[in-house]
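Enquirer:
Numbering (the UniProt record's numbering), first residue to last: 1 to 265.
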């Protein structure tokens with residue numbers, strides 16, 4: 001499907017982007033792979049791992065519509081993975097979160113339409129279903145923008161879809177790397193926000209595979225949701241460090257006890 005195609009990944013230096021690029025280069029023969037992100041250090045580090053002739057690295061922010069339009073020239077497929085994702089940071093910096101997650105989504109849509117991109121998939125989160133925090137609300141708005149963009153396509157061939165899943169095991173900012181670091185440092189306990197808390201989990205490889213499958217079966221307007229397990233955080237802590245006690249530290253601003261993947265009617 002991706003053979004002889006040009007693919008652009010916004011936020012391409014993140015955990016998902018690096019895994020997705022690795023799978024593209026291993027399993028397909030793309031004509032061009034464009035990593036679009038704003039962090040030059042992360043791009044430099046990624047170039048050390050992926051330096052194939054078809055790789056391109058564009059420094060740019062999804063807030064910058066003009067730069068996005070330049071980067072999308074000749075692109076066939078887009079994965080929109082760029083976002084501000086930390087719940088407490090979004091609560092404290094709401095305007096910045098809106099600029100990236102909502103206005104950035106608008107810019108990706110407009111740039112894709114102008115470049116006549118074939119397919120666009122935007123990555124979402126379970127926090128966008130019945131959101132109670134700003135991050136989830138901005139991702140819900142983004143989801144609706146991408147779904148509605150199919151009505152704006154007009155004579156363009158561009159189709160848009162959304163993939164929504166839960167916490168990615170091992171991704172930056174998630175609890176698994178935190179627990180891993182604390183265990184390695186010899187901590188005497190693991191912090192738990194609330195013993196009742198549960199979260200949906202998916203591996204990075206499963207997330208990438210699901211996105212690739214969604215590109216193949218999308219026709220435009222879908223919101224794809226995988227069937228993934230939900231795990232109690234105390235059970236996760238016990239599995240990672242059976243001998244360590246846990247300490248309840250309280251729910252952070254904007255956190256839910258239980259996420260949902262699809263909202264109730």
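Glycine included, every Cβ here is placed at the ideal spot set by N, Cα and C.
1. Per DSSP, what kind of secondary structure is residue 214 in: helix, strand or coil?
2. Rounding to the nearest angstrom, what Cα-Cα distance links residue 32 and residue 6 in this structure?
3. Quick one: is residue 243 buried, meaning 16 or more other Cβ sit within 10 Å of its Cβ, or exposed?
4. What residue from 9, 133, 254 and 200 has the CA that sits closest to residue 75's CA?
5. Bridge partners for residue 9 per DSSP, in chain order?
6. Alpha carbons only, please: which of 259, 196, 57 and 163 is nearest the one belonging to residue 119?
7. So what does DSSP say about residue 29, is it helix, strand or coil?
8. Jot down the residue ranges of each uninterrupted alpha helix (DSSP H) in the region 75 to 138, minimum 4 residues, whole runs only, in chain order.
9. Under 7 Å Cβ to Cβ from residue 194, same chain only, skipping five residues before and after it: list those, please.
10. Identify the residues that DSSP records as bridge partners of residue 234: which are they?
11. Give me whichever residues DSSP pairs with residue 195 in a beta bridge.
12. Could you have a look at residue 190 and say whether DSSP puts it in helix, strand or coil?
13. In angstroms with no decimal places, state the Cα-to-Cα distance between residue 49 and residue 110.
Expert: Well, looking at it:
1. In the structure shown, residue 214 falls within a helical segment according to DSSP collapsed to helix, strand and coil.
2. If you take the alpha carbons of residue 32 and residue 6, they lie about 4 Å apart.
3. That one is exposed.
4. Answer by Cα proximity: 9.
5. Per the DSSP secondary-structure output, residue 9 pairs in a beta bridge with 35 and 79.
6. Nearest C-alpha to residue 119: 163.
7. Correct three-state label for residue 29: coil.
8. Inside the region 75 to 138, DSSP marks whole alpha helix (DSSP H) runs of 4 or more residues at positions 87 to 92, 94 to 98 and 104 to 114, from first to last along the chain.
9. Here the set comprises 248, 251 and 257.
10. In the DSSP secondary-structure assignment, residue 234 is not bridged to any residue.
11. As computed with DSSP, residue 195 is found in no beta bridge at all.
12. Strand.
13. Answer to the nearest angstrom: the Cα atoms are 31 Å apart.
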